[in-house]
Structure formats: C-alpha cells, structure tokens
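With the working numbering applied, the sequence shown has no gaps in its numbers, which climb one by one up to 382 at the end.
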Amino acid sequence: MSDRIYNFSAGPAVLPESVLRSAQDAIWNLNGSGIGVLEHSHRGAEFSEVLQRTEARCRRLAQIPDDYAVLFLQGGASLQFCMVALNLLPEGGTADYINTGAWSKKAIAEANKRGAVHVAASSEDEQFTYIPSADAIRYSDAPAYVHFTSNNTIFGTQWATEPTPPDGVPLVCDASSDIFCRPIDVRRYGLIYAGAQKNLGPAGVTLVIVRKDLAERAPESLPTYLQYRTHIKGGSCFNTPPTFAIYVVGEVLGWLEDAGGLDAIAERNRQKAAMLYEVLDDTEFFRGTARPDSRSLMNVTFRGPSEELEQRFVAEARAAGLAGLKGHRSVGGMRASIYNAMPVEGVARLAEFMRDFARRN
Ligand code: PMP
C-alpha cells in the first residue's frame, strides 16, 4: 500500500485494494484455467460464470426482483441518456425531467431530440446547490416516465429519498455517482442506470436495472442495438461485452457483500461524509457549496477564501498524498469524492489536512 496514495477523483475513482489484488491474479490466470480474464471468450464457461456471479451479487445486494433485468452495457451513462428516451418516450408523448445539474441537463437535451420534455422541477435558479422539495415538483398530465439524477457529481447534492412520480408512471434514475451507496428499493423504479467508474468498478461498463415490461415499449423500428430487449434477450452478450470491466464490477460487488452489504456501507458512508462536513461547518476558512439539507454522501464540494488559496490547497494536498481534489472545471473550487471504496482512514487524513491547512492560512 505504501506506493499508493489516497485518490479523491470523481471518476474513474478509487477501487478496493483487495479487488485490485484479485484482478492482478485474474489477469494472469482466471480461476486456475491457465488463461487470463482478458483473454477468455465471452461465450466460454469461465466468463459465463463471471457474468452470472456478477449479476447474482447485484441482485442479492439490492434485492432486485425477478421481473427486473440486470444488464451490463457499454456507452456509459451518456448512451443511457439517449436509450432511455428512445425506448420509453413514445411518439407524441412527454417525458418529465427534474433538473438538478449538468448531467440532468445533458439527459434532458438527449430526450429533447426524441420528443417533448417537461421540466417538472429545477434547482438551476440557485446554481444547483439544492434538491427541489416534493411540493416544488409539477408533473405534466401523463408523462411517459419521470427522470431524475440521484446524486449530482459536480454540485455535491444528493436526493435523500427518490421523488414520487404520479401513479403508474415509471421512475427513471441516473444513479451513476451514488449507486449502491445505501439501500435502494428497486420496486420504486422503472429503470436505474449507472456508469461503473465511480461506485462499481472501472470505466467501460454501465449497469442498467430495468423492469422487463418497460423494455417492450420500444418501437421495433429502433436500431437493434439500442433496444433494451435486445440485451435482455442476449443476457448482456448480444455482442462482445466489456468482459474485464464486468469481472471487476463482480469483484467490487463481492467486496461490498463481504463488507456487510448496503446497510453497512451506508453507515460507513454517513460517517465518512460527516467527517468532512464537520470541517466545513467548523472552520471559517472553508465553505460548503451545497445546501446542508441536500448534501451528498459521495461528492463533498467546497470553496476556500480565494482561488489562489484553493490552488495551493489542491497542490499541497497532492504533495501530502491526497489526490484529485480539484473541483469540476465548470464550477471550480474543491471536491472530495468519497465513494464506497474510499477508506475511512483516507477521509480522516483529508479532514486532518483541511483543518491544518485552514490553521496555517
Ligand atoms: N451522470 C452522472 C451523474 C455523472 O456523474 C456522469 C459522469 N461524471 C455521467 C452521467 C456521464 O457518465 P459517462 O461518462 O459514463 O457517460
């Protein structure tokens, strides 16, 4: 561990050390097969077992019911911005979106290419520093679905609980930056998607959890690859899937099970986030950018007294073995991403460094 430092990057992001170790072994020789995981056929017995195990762990962790499919796709969350609308927004229909940040806006822009979008609520009036309250949400008459972003990676805000769509309307969630950071009631959702590179594994694979009947809403004229039902039918092997990325996701999910599952990780995540928010609340020097009732467990965003001191903070932190603390280029400031795999000790080190930096400056 001595040659590794703490990585607070927003994604690709820190992975559990045990996962990196087992991946090293698996690259050389997967389960004694004499062939590495990078080299196995996606249709062979060894990889099929990896895929099944990964899906099974996912289902166990989040108690995913049988009428939901679990898919491992490519194209990132960004392709899901398109696929969601292509599959679920019928001609002449309207989709409702809640606009809580830059990623919500991108999702809205893609849906707009397909059909009508109604923005049911937005926090843009206050630079996306908060999550709209339930009574501020105005749904359209009969939306095809309601889309929201559970955690806003850039602005450091997170929904405490998911919004409640009108009866019978599927809820769609971009959970890229907080998937499995706490228990989730999948039944409340029609579709959940998440790029893996923050809380699940490496870049290159996207987890999609979709109620199977919703996949049947897609027009047959849609290109085959863009239909969810293609990937359901093909068991995520319609074409060559990102085998290595799926393997690593499986190992991360195994690590999560060993760590006690979603209840246990949620407790740990609350503890970690509290350590940093305490520093922000205690010091005059640092200022949290998210409204306290909307603070994220995953991305802690904050400012210093001046841009010059912010730059110095990021540079000195890096020199002290705390990397990736620069805020998103669109907003500046600082951001500490403390996903599931970030150890408590890493957050403690950062909190201590922040207090010390504030004292010195
Ligand atoms: N949604 C959210 C909430 C994100 O944080 C990101 C990436 N930072 C994306 C979508 C885009 O993901 P991808 O790069 O996998 O397309």
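We put the CB at the ideal spot given by N, CA and C, even for glycine. Just so we're clear, the structure is a prediction, and the values are computed from it rather than from any experiment.
Asked	Found
Are Phe374 and Ala341 closer than 8 angstroms when you measure CB to CB?	yes
Under 7 angstroms from any heavy atom of the ligand PMP, does the C-beta of Thr121 make it?	no
Among Ala123, Ser125, Trp124 and Ile129, which residue has its Cα nearest to the Cα of Thr115?	Ile129
In terms of residues, what are the limits of the alpha helix (DSSP H) holding Ser69?	Ala66 to Ala83
Under a criterion of Cβ closer than 6 angstroms to any non-hydrogen atom of the ligand PMP, which residues qualify, in chain order?	Gly32, Gly97, Ala98, Ser99, Trp124, Thr170, Thr174, Asp195, Ser197, Ser198 and Gly216
Where DSSP assigns a beta bridge to His168, which residues make up the other side?	Tyr118 and Val193
Determine the burial state of Lys219: buried for a count of at least 16 other Cβ atoms within 10 Å of its Cβ, exposed for fewer.	buried
Under three-state DSSP, which class holds Ile26?	coil
Applying the 10 Å Cβ sphere with the 16-neighbour rule, what's the burial state of Ala77?	exposed
Roughly how far, in whole angstroms, is the beta-carbon of Ser317 from the beta-carbon of Thr178, given that I think they are within contact range, below 8 angstroms?	6 angstroms
Compare the beta carbon distance of Asp195 and Thr227 with 8 angstroms and say whether it is the shorter of the two.	no
If you drop the 5 nearest sequence neighbours on each side, which residues of the same chain put their C-beta closer than 6 angstroms to that of Gly32?	Gln218 and Lys219
Report the CB separation of Glu95 from Pro263 in whole angstroms; it is logged as a contact under 8 angstroms.	Position check: residue 95 holds Gln in this sequence, whereas Glu was assumed. Indeed, because the Cβ distance is near 6 angstroms, the residues count as touching under 8 angstroms.
Buried or exposed: where does Glu299 fall if 16 or more other Cβ atoms within 10 Å of its Cβ makes it buried?	exposed
Cβ atoms of Phe201 and Asn320: under 8 angstroms apart, would you say?	no
Please report how far the alpha carbon of Glu67 lies from the alpha carbon of Ser54, in whole angstroms.	8 angstroms
Measuring CB atoms only, is the segment 34-48 touching the segment 265-274, in the sense that at least three cross pairs come out at less than 8 angstroms?	yes
Please state whether DSSP places Val335 in a helix, a strand or coil.	helix
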